[in-house]
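Take a look at the structure set out below.
In the working numbering, the protein residues as written are 384 to 711.
Following this line, the structure appears as structure tokens:
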């Protein structure tokens with residue numbers, strides 16, 4: 384073959400390679416746009432259909448997604464979703480079922496989206512932990528019988544939970560996953576824990592003693608009590624901001640309401656506006672730390688309210704049933 388013939392063959396082959404590469408590029412599926420949610424985000428339900436909304440400038444704006452998101456980690460973008468009753472996880476645009484055909488209770492993503500904890504309900508609650516990146520189970524070598532679903536992530540790789548261990552220690556324990564190490568963080572003197580949540584690196588528990596007295600306690604990561612609040616009757620939810628601690632519930636000699644605790648004193652924030660507060664919906668907060676809650680004039684119509692410097696006002700949002708999205 385002469386040089387001219389070889390050149391024609393080379394050019395033909397080169398053109399074919401270009402075409403194949405071009406076709407391959409065209410067949411590449413476009414990456415799904417990352418969903419970004421901000422503090423205060425909600426799901427609004429109407430006739431069984433859910434839409435996700437972000438809070439911006441005290442108004443709720445529709446997010447372009449069909450996912451029913453229940454929990455979201457801001458740093459990693461990982462989120463938990465409900466797909467027709469099946470609990471799934473979405474991480475780096477990869478979606479998979481947490482457990483196929485199982486009843487999932489209290490799924491929680493650790494900070495930075497590293498691990499997922501949840502309970503499988505089958506007569507009793509069986510704790511499972513997964514490494515999210517590899518979608519593999521993580522060993523949980525615990526000597527503690529955990530009470531209900533009283534468990535949370537205290538940081539990116541350590542769980543905190545309430546229960547009783549093999550030595551009859553009644554208290555709050557931690558479990559570090561990389562070290563496979565369990566420690567007693569805080570031992571109860573008497574009674575039991577009925578509420579547990581990690582907020583701003585501190586642990587908040589409600590302890591009920593044998594005489595039915597309830598105390599809200601703030602515990603740091605060394606197991607030291609930072610604050611104790613007495614005269615607690617019931618706690619539905621708690622939020623902490625730079626201005627203080629907000630408690631949704633009931634205090635002795637008072638009604639169910641939203642309270643603010645700071646500098647050793649408790650202040651009731653809601654009296655007759657709104658007339659009712661929905662305790663089951665809990666609390667949320669916006670990026671500035673302003674507290675958001677659900678209430679209304681009657682039990683059938685829900686409205687969203689925000690507390691700014693102790694003043695209550697209504698937020699603008701589409702009508703429906705409101706569900707706060709847990710934001711890490």
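Every residue, glycine too, gets a C-beta built ideally from N, C-alpha and C.
Please read all numbers here as calculations on a predicted model, not as lab measurements.
What does the alpha-carbon distance come out to for the pair residue 703 and residue 653? Reading the chain shown from its first residue, position 320 is the one you call residue 703. Reading the chain shown from its first residue, position 270 is the one you call residue 653. Distance between the alpha carbons of residue 703 and residue 653 is about 22 Å.
Residue 613 versus residue 599 - alpha carbon distance: Start at 1 with the first residue of the chain shown, and residue 613 comes out as number 230. Start at 1 with the first residue of the chain shown, and residue 599 comes out as number 216. Rounded to whole angstroms, residue 613 to residue 599 spans 7 Å at the Cα level.
With a Cβ-Cβ cutoff of 8 Å, do residue 620 and residue 666 count as a contact? As a first step, residue 620 must be located in the chain shown, where it is residue number 237. As a first step, residue 666 must be located in the chain shown, where it is residue number 283. Taking 8 Å as the Cβ cut-off, residue 620 and residue 666 qualify as a contacting pair.
Pull up the distance between the alpha-carbon of residue 555 and that of residue 572, whole angstroms please. Numbered from 1 along the chain shown, position 172 holds the residue referred to as residue 555. Numbered from 1 along the chain shown, position 189 holds the residue referred to as residue 572. Cα-Cα distance, rounded: 12 Å.
What's the call for residue 426, buried or exposed, on a 16-neighbour Cβ count within 10 Å? Translated into positions along the chain shown, residue 426 becomes position 43. Residue 426 comes out buried.
So, for residue 404: in the same chain, excluding its five sequence neighbours on each side, which residues have a beta-carbon less than 6 Å away from its beta-carbon? Numbered from its first residue, the chain shown carries residue 404 at position 21. With a pLDDT of 42 at residue 404, under the threshold of 50, the modelled position of this residue cannot be trusted; read the value that follows with caution. Around residue 404: no qualifying Cβ.
Give every residue of the same chain whose Cβ lies closer than 8 Å to the Cβ of residue 420, excluding the five residues on either side of it in the sequence, and list them in chain order. Along the chain shown, read from residue 1 onward, the residue named residue 420 stands at position 37. Cβ neighbours of residue 420 beyond the five flanking positions: 435, 437, 446, 452, 455, 457, 462, 708, 710.
Which one or two residues does DSSP pair with residue 426 in a beta bridge? Sequence index remark: in the chain shown, residue 426 carries index 43 (1-based). Paired residues: 435, 706.
Please go through the same chain and pick out, in chain order, the residues whose beta-carbon is closer than 8 Å to the beta-carbon of residue 552, but skip the five residues on each side of it. By one-based count along the chain shown, residue 552 stands at place 169. Same-chain partners within the cutoff: 567, 570.
Rounded distance between the beta-carbons of residue 441 and residue 641, thought under 8 Å: Numbered from its first residue, the chain shown carries residue 641 at position 258. Numbered from its first residue, the chain shown carries residue 441 at position 58. Between residue 441 and residue 641 the Cβ distance is about 18 Å, and since that is not below 8 Å, they are no contact.
DSSP on residue 622, reduced to helix/strand/coil? In the chain shown, counting from the first residue as 1, residue 622 sits at position 239. Three-state DSSP puts residue 622 in a strand.
Starting from residue 650, follow the beta strand (DSSP E) in both directions and report where the run begins and ends. Locating residue 650 in the chain shown gives position 267, counting from the first residue. Here the beta strand (DSSP E) through residue 650 covers 648–651.
Can you name, in chain order, every residue of its own chain whose Cβ lies under 6 Å from the Cβ of residue 701, other than the five neighbours on each side? For the purposes of this step, residue 701 is taken as residue 318 along the chain shown, with counting starting at 1. Correct list, in chain order: 427.
Rounded to whole angstroms, what's the CA-CA distance from residue 528 to residue 547? Just pull it up for me. As a working mapping, residue 528 is identified with position 145 in the chain shown. As a working mapping, residue 547 is identified with position 164 in the chain shown. Going by the C-alpha atoms only, they are around 5 Å apart.
Whole-angstrom C-beta distance between residue 634 and residue 616, which should lie under 8 Å: Here residue 616 is taken as the residue at index 233 of the chain shown, counted from 1. Here residue 634 is taken as the residue at index 251 of the chain shown, counted from 1. Going by Cβ atoms, the distance from residue 616 to residue 634 rounds to 6 Å, so yes, they are a contact pair.
Apply the 10 Å Cβ neighbour rule to residue 692 and answer buried if 16 or more other Cβ atoms are within range, or exposed otherwise. What you label residue 692 is simply residue 309 of the chain shown in a count that begins at 1. Residue 692 should be labelled exposed.
Return the chain-ordered list of same chain residues with a C-beta closer than 7 Å to the C-beta of residue 563, the five sequence neighbours on each side being excluded. In the chain shown, counting from the first residue as 1, residue 563 sits at position 180. Taken in chain order, the residues that qualify are 522, 524.
Report back the beta-carbon spacing between residue 479 and residue 471 to the nearest angstrom; my notes put them in contact at under 8 Å. For this step, residue 479 is matched to residue 96 along the chain shown. For this step, residue 471 is matched to residue 88 along the chain shown. Sure, about 6 Å apart at Cβ, within 8 Å.
Exposed or buried, what is residue 561 when buried is set at 16 or more other beta-carbons lying within 10 Å of its beta-carbon? Here residue 561 refers to the residue found at position 178 of the chain shown. With fewer than 16 other Cβ atoms within 10 Å, it is exposed.
Does DSSP put residue 700 in a helix, a strand or coil? Position 317 of the chain shown, counting from 1, holds the residue named residue 700. Of the three classes helix, strand and coil, the one that applies to residue 700 here is coil, per DSSP.
Counting only the same chain and skipping the five closest in sequence on each side, list residues whose C-beta sits under 7 Å from that of residue 668. As a first step, residue 668 is located in the chain shown; it is residue number 285 there, counting from the start. Hits under 7 Å: 422, 423, 622, 624, 674, 675.
Quick one: give me the first and last residue of the beta strand (DSSP E) that residue 500 is part of. Counted from its first residue, the chain shown places residue 500 at position 117. Residues 498–504.
Tell me the DSSP secondary structure of residue 663 in three-state form. Within the chain shown, numbered from 1, the residue matching residue 663 stands at position 280. Residue 663 falls in the helix class under three-state DSSP.
Considering only residues of the same chain and omitting the five flanking positions on each side of residue 694, which have a CB-CB separation below 7 Å? In the chain shown, residue 694 corresponds to position 311, counting from 1. No residues qualify anywhere along the chain.
Out of 574, 602, 638, 670, which has the shortest C-alpha to C-alpha gap to residue 593? In the chain shown, counting from the first residue as 1, residue 593 sits at position 210. Residue 574 is the option with its Cα nearest to residue 593.
Residue 609 vs residue 536 beta-carbon contact at 8 Å: Residue numbering aside, residue 609 sits at position 226 when the chain shown is read from its first letter. Residue numbering aside, residue 536 sits at position 153 when the chain shown is read from its first letter. No.
Is the distance from the Cβ of residue 713 to the Cβ of residue 657 below 8 Å? The question about residue 713 has no answer, for the chain in this structure spans 384 to 711.
Residues near residue 533 in its chain [Cβ-Cβ closer than 7 Å; skip 5 each side]: Here residue 533 corresponds to residue number 150 of the chain shown, with the count starting at 1. The answer, listed in chain order, is 544, 545, 576, 579.
How is residue 464 classed by DSSP in three states: helix, strand or coil? One-based indexing of the chain shown puts residue 464 at position 81. Looking at residue 464 - three-state DSSP - the assignment turns out to be strand.
In whole angstroms, what is the alpha-carbon distance linking residue 672 and residue 511? Looking up residue 672 in the chain shown gives position 289. Looking up residue 511 in the chain shown gives position 128. In a straight line, the C-alpha of residue 672 is about 32 Å away from that of residue 511.
Of the residues 520, 439, 417, the one placed nearest residue 474, counting alpha carbons only: Numbered from 1 along the chain shown, position 91 holds the residue referred to as residue 474. Checking every option, the nearest Cα to that of residue 474 belongs to 417.
Spatial distance of residue 468 from residue 487 (CA atoms): Counting from 1 along the chain shown, the entry for residue 468 is found at position 85. Counting from 1 along the chain shown, the entry for residue 487 is found at position 104. Rounded to the nearest angstrom, the two C-alpha atoms are 10 Å apart.
Spatial neighbours of residue 663 within its chain, please: CB distance less than 8 Å, with the 5 preceding and 5 following residues excluded, ordered by chain position. In the chain shown, residue 663 corresponds to position 280, counting from 1. Around residue 663: 619.
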